[in-house]
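Visitor: In the working numbering, the protein residues as written are 1 to 598.
Glycine included, C-beta positions come from ideal geometry on N, C-alpha and C.
Values in this document were obtained by computation on a predicted structure and should not be read as measured data.
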Amino acid sequence: MDEQPLCSTVFAERYAQPGDTSRAAVFHRVARALSRAEPAERRAQAERVFYLNLQRGAIGAGRILANAGADHGGTMVNCFVHPLAIPADAPVQALDTALAHALDDARVTLLMGGGIGYDFSPVPPADAYERRLSSGRGACAALDRFDAMCRALPFTGPRRGAQMGVLRCDHPDLVAFVAAKRGRTRWPTFNLSVGVTNAFMEAVRHDLPWALFHHAPPACPSGASPRLPDGRYLYTTVPARTLWHAIVTAARDSAEPGLLFLDTIRAANPLREHERIDATNPCGEQPLPPYGSCVLGPIDLSRFVLHPFGGDGEPRFDFATFADAVRIQVRMLDNVLDLTEWPLAAHEHEARRTRRIGVGVTGLGDALTMLRLRYDRAEARALARRIALAMREHAFAASAALAAERGVFPAYDPAAYLSGPAYRTLLPLKVHHAIARHGLRNSHLLSFAPAGSVSLAFCDNCSNGIEPAVGWTQCRMVRTADGQVRPFRVENHAYRLFRALHGDNVRLPGYFVTAADIAPADHVAMLAALQPCVDAGISKTVTMPGQCSLAAVDALFFQAWREGLKGITIFRPDPRLASVVTDDAAHARRDGPVCSGC
1 MDEQPLCSTV FAERYAQPGD TSRAAVFHRV ARALSRAEPA ERRAQAERVF
51 YLNLQRGAIG AGRILANAGA DHGGTMVNCF VHPLAIPADA PVQALDTALA
101 HALDDARVTL LMGGGIGYDF SPVPPADAYE RRLSSGRGAC AALDRFDAMC
151 RALPFTGPRR GAQMGVLRCD HPDLVAFVAA KRGRTRWPTF NLSVGVTNAF
201 MEAVRHDLPW ALFHHAPPAC PSGASPRLPD GRYLYTTVPA RTLWHAIVTA
251 ARDSAEPGLL FLDTIRAANP LREHERIDAT NPCGEQPLPP YGSCVLGPID
301 LSRFVLHPFG GDGEPRFDFA TFADAVRIQV RMLDNVLDLT EWPLAAHEHE
351 ARRTRRIGVG VTGLGDALTM LRLRYDRAEA RALARRIALA MREHAFAASA
401 ALAAERGVFP AYDPAAYLSG PAYRTLLPLK VHHAIARHGL RNSHLLSFAP
451 AGSVSLAFCD NCSNGIEPAV GWTQCRMVRT ADGQVRPFRV ENHAYRLFRA
501 LHGDNVRLPG YFVTAADIAP ADHVAMLAAL QPCVDAGISK TVTMPGQCSL
551 AAVDALFFQA WREGLKGITI FRPDPRLASV VTDDAAHARR DGPVCSGC
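1. Among Gly-358, Ala-142 and Met-201, which has the Cα closest to the Cα of Ala-176?
2. Is DSSP giving Arg-486 helix, strand or coil here?
3. So what does DSSP say about Tyr-417, is it helix, strand or coil?
4. Hey, quick one: how far does the beta strand (DSSP E) through Asp-324 stretch, first residue to last?
5. For a quick check, are the C-beta atoms of Lys-566 and Ile-328 less than 9 Å apart?
6. Span of the beta strand (DSSP E) holding Thr-189?
7. Please list the terminal residues of the continuous beta strand (DSSP E) segment that includes Gly-114.
8. Can you give the Cα-Cα distance for Ser-549 and Val-513, rounded to whole angstroms?
9. Among Ile-466, Leu-456 and Arg-386, which residue has its Cα nearest to the Cα of Arg-615?
10. Identify the residues that DSSP records as bridge partners of Tyr-15: which are they?
11. Any idea what DSSP makes of Val-77, helix, strand or coil?
12. Where does Asp-366 sit, in a helix, a strand or coil, going by DSSP?
13. Answer yes or no: do Ser-453 and Val-10 have a C-beta to C-beta separation smaller than 9 Å?
14. Any heavy atom of the ligand ATP closer than 8 Å to the beta-carbon of Ile-277?
15. DSSP three-state label for Val-478, please.
16. In angstroms with no decimal places, state the Cα-to-Cα distance between Ala-351 and Gly-292.
17. Exposed or buried, which one is Ser-121 when buried takes at least 16 other CB atoms within 10 Å?
18. Assuming Leu-212 is part of the alpha helix (DSSP H), what are its boundary residues?
19. Nearest to Leu-65 by CA position, among His-433, Leu-192, Asp-318 and Phe-458, is which residue?
20. Output the residue ranges of the beta strand (DSSP E) runs that lie fully inside the stretch 216-274 and measure 3 residues or longer, sorted by chain position.
21. Which of helix, strand or coil does DSSP assign to Gln-163?
22. Reducing DSSP to helix, strand and coil, say where Arg-168 ends up.
23. Measure the beta-carbon distance from Arg-227 to Val-204 and round it to whole angstroms, keeping in mind my assumption that it falls under 8 Å.
24. Within the continuous beta strand (DSSP E) that includes Pro-5, where are the two ends?
25. Any idea which residues DSSP pairs Glu-491 with across the strands?
26. Closest to Leu-556 by C-alpha separation, out of Gly-546, Gln-547 and Val-542, would be which residue?
27. In three-state terms, what does DSSP make of Ala-390?
28. Report yes if the CB atom of Ala-179 is closer than 9 Å to the CB atom of Glu-285, and no otherwise.
29. Any contact between the stretch 242-257 and the stretch 147-163? By contact I mean 3 or more CB pairs, one from each, below 8 Å.
30. Drop a sphere of 10 angstroms on the beta-carbon of Leu-429, count the other beta-carbons inside from all chains shown, and report buried for 16 or more, exposed for fewer.
31. Could you say which of Ile-357, Ile-518, Val-305 and Ile-277 lies nearest to Cys-294 if we only look at CA atoms?
32. Tell me where the beta strand (DSSP E) around Leu-143 begins and ends.
33. Could you say which of Gly-483, Arg-385, Asp-119 and Ser-447 lies nearest to Val-166 if we only look at CA atoms?
34. According to DSSP, is Arg-132 part of a helix, a strand, or is it coil?
35. Near Ser-134, which residues of its chain fall below 8 Å by C-beta distance, leaving aside the five closest residues on each side in sequence?
36. Quick check on the DSSP output: the beta strand (DSSP E) that includes Leu-298 runs from which residue to which?
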């Protein structure tokens with residue numbers, strides 16, 4: 001099939017370095033660079049193995065493809081989480097110093113190509129003690145500062161900074177935070193999420209009052225503002241459903257905030273006794289501790305479909321070749337940790353403590369279509385789960401083998417991995433035995449990112465991440481390296497392949513479905529099928545009908561919580577607001593969340 005202009009443009013402007021005349025050249029550069037972590041006598045073989053794996057669809061995330069082996073300085077790590085180290089009893093000067101330090105760290109990290117997530121809950125509320133800060137008060141004022149900093153950075157080319165702002169459900173500034181992106185104009189460099197707890201969800205369910213707390217004392221303390229045993233001050237108590245209504249309304253109207261289910265995230269973390277997670281990276285697929293990072297490597301599932309659409313045989317997924325690709329990907333990503341440049345010493349320290357990596361997927365929607373499976377059917381979810389379980393098995397097996405060769409990660413706790421139900425029931429006995437014998441090289445192994453840009457540049461615009469296709473033919477408005485926004489017509493990979501095999505006049509079969517064709521509950525059902533297999537997180541946007549009700553959003557959020565998801569984000573098309581993607585049916589939607597180019 002002919003090259004699509006948008007795919008070649010994104011490739012050239014985001015990933016090709018001087019001398020990279022083709023994708024094969026990029027893969028050679030990356031394979032050569034990442035083989036340097038191997039012993040000298042193995043490097044040539046490792047380079048060949050990595051190159052062939054890249055060629056068959058086991059690509060790295062954007063920062064690896066752009067920066068591995070490049071002459072310029074840049075990290076190979078896509079995303080980070082930074083703390084706002086504000087002491088509970090911080091005086092005015094200490095608070096401003098802490099924010100200034102966090103802004104400095106963020107500048108360095110963003111300019112090296114990393115996206116950042118933050119938990120803004122430590123920031124004192126807007127009506128806390130009088131601080132007289134010129135930048136304003138409260139969590140929203142702090143986000144203003146970080147957004148302005150990011151927008152002012154001298155980025156080159158089409159890439160821009162990406163940030164995630166999280167606020168806990170018991171922060172006194174919650175209502176202002178939730179309403180801040182109404183109209184989708186404020187904080188353009190940020191995605192937003194509310195960190196909700198099981199207690200909050202139960203309070204909403206049972207229509208109970210909900211208390212808003214903070215360690216900073218209120219500006220006008222009274223008898224109604226007692227200090228609790230843990231040192232926090234009670235600001236006010238409101239009906240939980242009042243806060244919930246504000247969250248649901250903002251999500252429906254502005255696609256933000258999303259929800260992070262903090263208790264679910266923490267319970268699933270095998271290192272929960274050793275670290276605290278309060279935020280994720282900008283796209284939500286990596287819940288991370290302070291200074292945590294994610295080294296990502298998606299695998300294009302559409303490349304492992306044999307006999308697509310059944311043209312020359314029954315279509316099937318090549319699990320044997322896929323298993324080999326996963327094992328090689330684990331080794332390649334582990335090498336990244338030892339070779340990359342780190343924006344901050346704290347990033348390197350945390351990465352070496354846990355050696356987190358994120359083998360992921362892209363093209364799931366296309367792969368299911370090529371297998372003649374409709375995305376929203378039970379059999380499609382069953383196959384997707386089987387693929388994810390295979391990834392889990394072979395990623396953990398590869399990490400155990402690496403531990404035998406290179407040693408376990410420093411924070412390894414055998415009991416956490418060998419006794420946890422996710423490891424007892426979701427791994428074959430032989431892998432469990434390998435972990436018991438050798439340990440693990442990496443604390444976390446799987447993470448399903450959006451993979452939007454790399455899917456365009458290297459995968460012929462396959463459906464990105466675990467998403468179904470947004471549309472078969474689209475007009476996308478893209479900012480090019482010269483700063484101009486240009487329209488590009490682009491077709492979905494599976495659609496192009498079907499047309500190449502069957503011609504332009506054949507009607508699309510019923511298993512060709514786009515995101516808008518799928519009921520929101522079925523989007524969530526796919527997430528629920530995959531999440532138990534993925535030890536980190538999954539980035540996915542649930543598409544809602546344009547006329548969806550608040551009750552529908554309410555029900556969907558509760559479905560996500562009940563089914564054990566770690567987070568959820570929705571999107572409802574609104575023709576009154578700007579769009580960068582339009583499909584042939586004139587449905588408009590944003591091009592995914594703010595993303596740092598994974």
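Guide: In this structure, then:
1. For the purposes of this step, residue 176 is taken as residue 176 along the sequence shown, with counting starting at 1. When only C-alpha atoms are compared, the closest one is Ala-142.
2. Sequence index remark: in the sequence shown, residue 486 carries index 486 (1-based). Note: Arg-486 maps to strand in three-state DSSP.
3. For the purposes of this step, residue 417 is taken as the residue at position 417 of the sequence shown. The answer is helix: DSSP assigns Tyr-417 an H, G or I state.
4. Stepping through the sequence shown from its first residue, residue 324 is reached at position 324. Not the beta strand (DSSP E): Asp-324 falls in the alpha helix (DSSP H), residues 319-339.
5. Within the sequence shown, residue 566 is the residue found at index 566, counting from 1. Within the sequence shown, residue 328 is the residue found at index 328, counting from 1. Cβ distance not < 9 Å, so Lys-566 and Ile-328 don't count as in contact.
6. Residue 189 sits at position 189 when you count from the first residue of the sequence shown. Taken as a continuous stretch (DSSP letters only), Thr-189 belongs to no beta strand (DSSP E), as it is neither H nor E.
7. In the sequence shown, counting from the first residue as 1, residue 114 sits at position 114. Note, Gly-114: premise wrong, no beta strand (DSSP E); not H, not E.
8. In the sequence shown, residue 549 corresponds to position 549, counting from 1. In the sequence shown, residue 513 corresponds to position 513, counting from 1. So the alpha carbons of these two residues sit roughly 23 Å apart.
9. Residue 615 lies beyond the residue range present for the chain, which begins at 1 and ends at 598; the question has no answer from this structure.
10. Residue numbering aside, residue 15 sits at position 15 when the sequence shown is read from its first letter. DSSP output for Tyr-15 lists no bridge partner at all.
11. Translated into the one-based positions of the sequence shown, residue 77 becomes position 77. Three-state DSSP puts Val-77 in coil, outside helix and strand.
12. For the purposes of this step, residue 366 is taken as the residue at position 366 of the sequence shown. In the structure shown, Asp-366 sits in a helix (DSSP, three-state: H, G or I).
13. One-based indexing of the sequence shown puts residue 453 at position 453. One-based indexing of the sequence shown puts residue 10 at position 10. Cβ distance < 9 Å, so Ser-453 and Val-10 count as in contact.
14. This structure does not include the ligand ATP; it has no bound ligands of any sort.
15. Within the sequence shown, residue 478 is the residue found at index 478, counting from 1. If DSSP states are grouped into helix, strand and coil, Val-478 belongs with the strands.
16. Taking the sequence shown and counting its residues from 1, one reaches residue 351 at position 351. Taking the sequence shown and counting its residues from 1, one reaches residue 292 at position 292. Going by the C-alpha atoms only, they are around 7 Å apart.
17. Against the sequence shown, residue 121 aligns to sequence position 121. Classification of Ser-121: buried, given that the 10 Å Cβ count is 16 or more.
18. Here residue 212 refers to the residue found at position 212 of the sequence shown. Looking at the DSSP string, Leu-212 is not in any alpha helix (DSSP H); the run it does join, the beta strand (DSSP E), is 209-214.
19. Residue numbering aside, residue 65 sits at position 65 when the sequence shown is read from its first letter. Ranking His-433, Leu-192, Asp-318 and Phe-458 by Cα distance to Leu-65 puts Phe-458 first.
20. 233-239 and 258-261
21. In the sequence shown, residue 163 corresponds to position 163, counting from 1. The answer is strand: DSSP assigns Gln-163 an E or B state.
22. What you label residue 168 is simply residue 168 of the sequence shown in a count that begins at 1. Strand.
23. For the purposes of this step, residue 227 is taken as residue 227 along the sequence shown, with counting starting at 1. For the purposes of this step, residue 204 is taken as residue 204 along the sequence shown, with counting starting at 1. About 26 Å separates the two Cβ atoms, so there is no contact after all.
24. Start at 1 with the first residue of the sequence shown, and residue 5 comes out as number 5. Run containing Pro-5: none in the beta strand (DSSP E); it sits in the alpha helix (DSSP H), 5-10.
25. Along the sequence shown, one-based indexing puts residue 491 at 491. BP columns for Glu-491 point to Thr-473.
26. If you number the sequence shown from 1, residue 556 lands on position 556. Nearest C-alpha to Leu-556: Val-542.
27. Stepping through the sequence shown from its first residue, residue 390 is reached at position 390. Here Ala-390 sits in helix by DSSP.
28. Within the sequence shown, residue 179 is the residue found at index 179, counting from 1. Within the sequence shown, residue 285 is the residue found at index 285, counting from 1. Cβ distance not < 9 Å, so Ala-179 and Glu-285 don't count as in contact.
29. no
30. Residue 429 sits at position 429 when you count from the first residue of the sequence shown. When all chains shown are included, Leu-429 counts as exposed.
31. Counting from 1 along the sequence shown, the entry for residue 294 is found at position 294. Among Ile-357, Ile-518, Val-305 and Ile-277, the Cα nearest to that of Cys-294 belongs to Ile-357.
32. Here residue 143 refers to the residue found at position 143 of the sequence shown. Where Leu-143 is concerned, there is no enclosing beta strand (DSSP E), although the alpha helix (DSSP H) it sits in stretches over 138-152.
33. Locating residue 166 in the sequence shown gives position 166, counting from the first residue. If we check each option's Cα against that of Val-166, Asp-119 comes out closest.
34. Position 132 of the sequence shown, counting from 1, holds the residue named residue 132. Model confidence at Arg-132 stands at a pLDDT of 46, short of 50, so the residue's coordinates are unreliable; what they give is reported in the following sentence. Note: Arg-132 maps to coil in three-state DSSP.
35. Counted from its first residue, the sequence shown places residue 134 at position 134. Any reading at Ser-134 must be qualified, since the residue scores a pLDDT of 41, below 50, and its modelled position is unreliable; the value itself is stated next. Within the same chain, Ser-134 has no close Cβ partners at all.
36. As a first step, residue 298 is located in the sequence shown; it is residue number 298 there, counting from the start. The sequence shown places Pro at residue 298, rather than the Leu named in the question. Element bounds for Pro-298: 296-300.
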